[in-house]
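Engineer:
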Amino acid sequence: MLGRFITFAVIVVAGSVGLVGFADRPSVGAPAAKPANQGNFTTQKRGQSSWSSSAPAGGSHSGEARLTRAPDSHFYADVEVEGRPVRMMVDSGASMIALTRRDAEAVGIDVDRLPVGGMAQTAGGQVPMRMTMLGSVEVDGIEVRGVQAAVIDADMGVSLLGQSFLAKLGTVNVEGDTMTLR
Numbered sequence: 035m036l037g038r039f040i041t042f043a044v045i046v047v048a049g050s051v052g053l054v055g056f057a058d059r060p061s062v063g064a065p066a067a068k069p070a071n072q073g074n075f076t077t078q079k080r081g082q083s084s085w086s087s088s089a090p091a092g093g094s095h096s097g098e099a100r101l102t103r104a105p106d107s108h109f110y111a112d113v114e115v116e117g118r119p120v121r122m123m124v125d126s127g128a129s130m131i132a133l134t135r136r137d138a139e140a141v142g143i144d145v146d147r148l149p150v151g152g153m154a155q156t157a158g159g160q161v162p163m164r165m166t167m168l169g170s171v172e173v174d175g176i177e178v179r180g181v182q183a184a185v186i187d188a189d190m191g192v193s194l195l196g197q198s199f200l201a202k203l204g205t206v207n208v209e210g211d212t213m214t215l216r
């Protein structure tokens with residue numbers, strides 16, 4: 035299953051939204067100049083990096099969440115989407131939250147009623163990318179309301195916690211094997 039995920043990359047073929055399943059690649063179709071409300075991810079020193087946003091929070095949030103690096107080198111978060119639990123991989127390279135169909139249906143989204151916002155290219159071929167707005171996304175008490183997401187009709191293995199959530203936080207900091215969200 036991990037092998038399928040590692041080869042997974044979502045690229046928008048139609049529509050204005052770009053998603054990429056790897057944190058170190060820029061989103062396809064991303065503007066050359068960073069919009070004023072986008073944050074910056076910078077390396078501070080060996081083993082430490084941080085991402086901070088100059089954007090005002092798009093919803094209410096408070097507190098701090100600490101995530102520990104998993105054995106596969108990724109950071110995972112237990113996220114509440116619309117009040118229901120979803121395990122997600124944190125992916126700062128994904129322009130928005132990307133939900134698996136299974137996770138979307140588990141939180142009460144009628145996937146077949148969502149508008150198709152483009153096609154995503156996956157290892158298994160092209161699949162529809164359905165757009166939605168999530169009312170509430172929360173990680174350890176940090177809640178953001180009104181978060182854009184895409185539901186991907188592919189077996190990507192795990193949903194992605196992308197920039198539509200992360201950019202609304204004050205800071206995302208990685209130091210060693212700990213990621214801190216504020």
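Taking my numbering, I'd label the letters of the sequence shown as residues 35 to 216.
For every residue, glycine included, the Cβ atom is placed at its ideal position computed from N, Cα and C.
Note that the coordinates shown come from a computational prediction; the quantities given were computed from them, not determined experimentally.
Can you list the alpha helix (DSSP H) stretches of 4 or more residues lying completely in the segment 97-162, in chain order?
Structural biologist: Within the segment 97-162, the complete alpha helix (DSSP H) runs of at least 4 residues are 135-140.
Engineer: Nearest-angstrom Cα distance between T214 and D137?
Structural biologist: Cα to Cα, T214 sits roughly 24 Å from D137.
Engineer: Just reading off the alpha helix (DSSP H) that L195 is part of, what are its end residues?
Structural biologist: Note, L195: premise wrong, no alpha helix (DSSP H); beta strand (DSSP E) at S193 to L195.
Engineer: At the level of alpha carbons, what is the spacing between R147 and F109?
Structural biologist: Each residue's alpha carbon lies about 31 Å from the other.
Engineer: Buried or exposed: which applies to S129, given that a residue is buried once 16 or more other Cβ atoms fall within 10 Å of its Cβ?
Structural biologist: Buried, since its Cβ has 16 or more Cβ neighbours within 10 Å.
Engineer: Taking 7 Å as the threshold (C-beta atoms), are L194 and A99 in contact?
Structural biologist: Contact: no.
Engineer: Would you mind stating whether A188 and T166 have Cβ atoms separated by less than 7 Å?
Structural biologist: It is not a contact, given that the beta carbons lie outside the stated cut-off.
Engineer: Determine the closest residue to Q182 out of M190, G191 and F199, with distance taken between C-alpha atoms.
Structural biologist: If we check each option's Cα against that of Q182, F199 comes out closest.
Engineer: From Q160 to R135, what does the alpha carbon distance come to, in whole angstroms?
Structural biologist: Spanning the two alpha carbons is a distance of roughly 15 Å.
Engineer: In chain order, what residues of the same chain lie with their CB nearer than 6 Å to the CB of G175, ignoring the 5 residues before and after it?
Structural biologist: Counting only Cβ-Cβ distances below 6 Å, and skipping sequence neighbours, we find G97.
Engineer: Between which residues of its own chain and I143 is the CB-CB distance below 7 Å, once the five residues before and five after are set aside?
Structural biologist: Answer for I143: T166 and V185, listed in chain order.
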